[in-house]
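As structure tokens, the structure follows; a few thoughts come after it.
In structure tokens form, the structure reads like this:
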């Protein structure tokens, strides 16, 4: 029954991601962390989001800024090299704390940072820091937004390009948490059939979200995203404090 509920969550969050990008991934990471061990949740989240983002990027491929993707990929590869030299095993309380804090980045006065993912150097930095945060917290959408707020891209181009960049970050996350599970007796991962069903559901959700995105203005797109991720952040902070209190 738990796996069925998680599959429903995959469909819902993939649809939300298709409209608001990072909000869907934030919702899914919280649900998976509640249902399974942290490492398994990270790998499952990475796999589902890889399919969801990859399919969304494919659907909107005409809008992708490919130069940004290439430079982001370089930064993501650098992040993978750094992460390969460290050991990081977060608890559920820590994951929820990070999930609660990350949305705060959505309220930064982004215009003062003068960051633009369309600039090659900035795109490399984006790949480096966003990939690192994605591994540490499980999500990184609000930080990714900091690099895209000053671009002159339309909402379709923003969603398409960000979706393609996230394919790199989620791949690194799957490898980071998945490799140690290879030798584990109990991985905590869902059965294979879950992933086989989750993949098309993520694709359907991305398609449905795209239909909603077509009907939304650029202003509403930015405003709704900020408030949705903030509400999720508050919920996760409450959960984190409850877990820390129980542990103590």
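In the working numbering, the protein residues as written are 738 to 985. Using N, Cα and C, we set each Cβ at its ideal position, and we do this for glycine too.
For residue 876 and residue 811, the rounded distance between their alpha carbons: As a first step, residue 811 must be located in the chain shown, where it is residue number 74. As a first step, residue 876 must be located in the chain shown, where it is residue number 139. When only Cα atoms are considered, residue 811 and residue 876 end up about 19 Å apart.
Which residues bound the alpha helix (DSSP H) around residue 871? Translated into positions along the chain shown, residue 871 becomes position 134. For residue 871, the enclosing alpha helix (DSSP H) begins and ends at 857 to 874.
DSSP-derived helix/strand/coil call for residue 801: Numbered from 1 along the chain shown, position 64 holds the residue referred to as residue 801. In the structure shown, residue 801 sits in coil (DSSP, three-state: anything other than H, G, I, E or B).
In terms of alpha-carbon separation, which member of 873, 896, 838 and 874 lies closest to residue 882? Translated into the one-based positions of the chain shown, residue 882 becomes position 145. Ranking 873, 896, 838 and 874 by CA distance to the CA of residue 882 puts 896 first.
List in chain order: all unbroken alpha helix (DSSP H) runs of 4+ residues lying wholly within the region 774 to 798. Given a length threshold of 4 residues, each whole run of the alpha helix (DSSP H) inside the region 774 to 798 is given here in chain order: 775 to 796.
Can you give me the start and stop residues for the alpha helix (DSSP H) that residue 834 sits inside? Mapped onto the chain shown, residue 834 falls at position 97. That run of the alpha helix (DSSP H) goes 829 to 838.
I'd like to know whether the C-beta atoms of residue 943 and residue 798 end up nearer to each other than 8 Å. As a position in the chain shown, residue 943 is number 206, starting the count at 1. As a position in the chain shown, residue 798 is number 61, starting the count at 1. For residue 943 and residue 798, no; Cβs fall outside 8 Å.
Compute the beta-carbon to beta-carbon distance between residue 770 and residue 778, rounded to the nearest angstrom, for a pair I have assumed lies under 8 Å. Mapped onto the chain shown, residue 770 falls at position 33. Mapped onto the chain shown, residue 778 falls at position 41. Right, their Cβ atoms sit about 5 Å apart.
Out of 766, 931 and 789, which has the shortest C-alpha to C-alpha gap to residue 835? If you number the chain shown from 1, residue 835 lands on position 98. A check of alpha carbon separations from residue 835 across 766, 931 and 789 identifies 766 as the nearest.
Would you kindly check if the distance between the Cβ of residue 830 and the Cβ of residue 939 is under 8 Å? Along the chain shown, one-based indexing puts residue 939 at 202. Along the chain shown, one-based indexing puts residue 830 at 93. No, the Cβ-Cβ distance between residue 939 and residue 830 is not below 8 Å.
Separation of residue 898 from residue 800, as counted between CA atoms: Counted from its first residue, the chain shown places residue 800 at position 63. Counted from its first residue, the chain shown places residue 898 at position 161. Rounded to whole angstroms, residue 800 to residue 898 spans 7 Å at the Cα level.
At a cut of 8 Å, does the region 738 to 745 reach the region 927 to 935 through at least three beta carbon pairs? Yes, the region 738 to 745 is in contact with the region 927 to 935.
I'd like to know whether the C-beta atoms of residue 880 and residue 890 end up nearer to each other than 8 Å. Against the chain shown, residue 880 aligns to sequence position 143. Against the chain shown, residue 890 aligns to sequence position 153. It is not a contact, given that the beta carbons lie outside the stated cut-off.
Where the alpha helix (DSSP H) through residue 951 begins and ends: For the purposes of this step, residue 951 is taken as the residue at position 214 of the chain shown. DSSP places residue 951 inside the alpha helix (DSSP H), whose first and last residues are 929 to 951.
Could you tell me which whole beta strand (DSSP E) segments of length 3 or greater appear in the region 886 to 912? Counting only runs of 3 or more residues that sit fully inside the region 886 to 912, no beta strand (DSSP E) segment turns up.
Best match in 788, 932 and 902 for proximity to residue 805 [C-alpha to C-alpha]: The residue given as residue 805 occupies position 68 in the chain shown. Looking at 788, 932 and 902, the one whose alpha-carbon comes closest to that of residue 805 is 902.
Given this structure, state the Cα-to-Cα distance separating residue 815 from residue 739, to the nearest angstrom. Within the chain shown, residue 815 is the residue found at index 78, counting from 1. Within the chain shown, residue 739 is the residue found at index 2, counting from 1. Note on geometry: alpha-carbon atoms of residue 815 and residue 739 lie some 37 Å from one another.
Are the C-beta atoms of residue 802 and some chain D residue less than 8 Å apart? No chain D is part of this structure, which consists of one protein chain only.
Pick helix, strand or coil for residue 878, following the three-state DSSP scheme. Translated into the one-based positions of the chain shown, residue 878 becomes position 141. Correct three-state label for residue 878: helix.
If residue 967 sits next to residue 840, beta carbons under 8 Å apart, how far is it from one beta carbon to the other, in whole angstroms? Mapped onto the chain shown, residue 967 falls at position 230. Mapped onto the chain shown, residue 840 falls at position 103. Between residue 840 and residue 967 the Cβ distance is about 5 Å, and since that is below 8 Å, they are a contact.
Going by beta-carbon coordinates alone, are residue 980 and residue 833 separated by less than 8 Å? Numbered from 1 along the chain shown, position 243 holds the residue referred to as residue 980. Numbered from 1 along the chain shown, position 96 holds the residue referred to as residue 833. Yes, Cβ-Cβ distance for residue 980 and residue 833 is below 8 Å.
Any idea if residue 884 is buried or exposed, counting beta-carbon neighbours within 10 angstroms, 16 or more meaning buried? The count along the chain shown starts at 1 and reaches residue 884 at position 147. It is buried - the Cβ of residue 884 has at least 16 other Cβ atoms within 10 Å.
Report, in whole angstroms, the separation of the C-beta atoms of residue 762 and residue 878, which I expect to be a contact under 8 Å. Your numbering for residue 762 matches position 25 in the chain shown. Your numbering for residue 878 matches position 141 in the chain shown. At roughly 6 Å, the Cβ-Cβ gap stays under 8 Å, so residue 762 and residue 878 are in contact.
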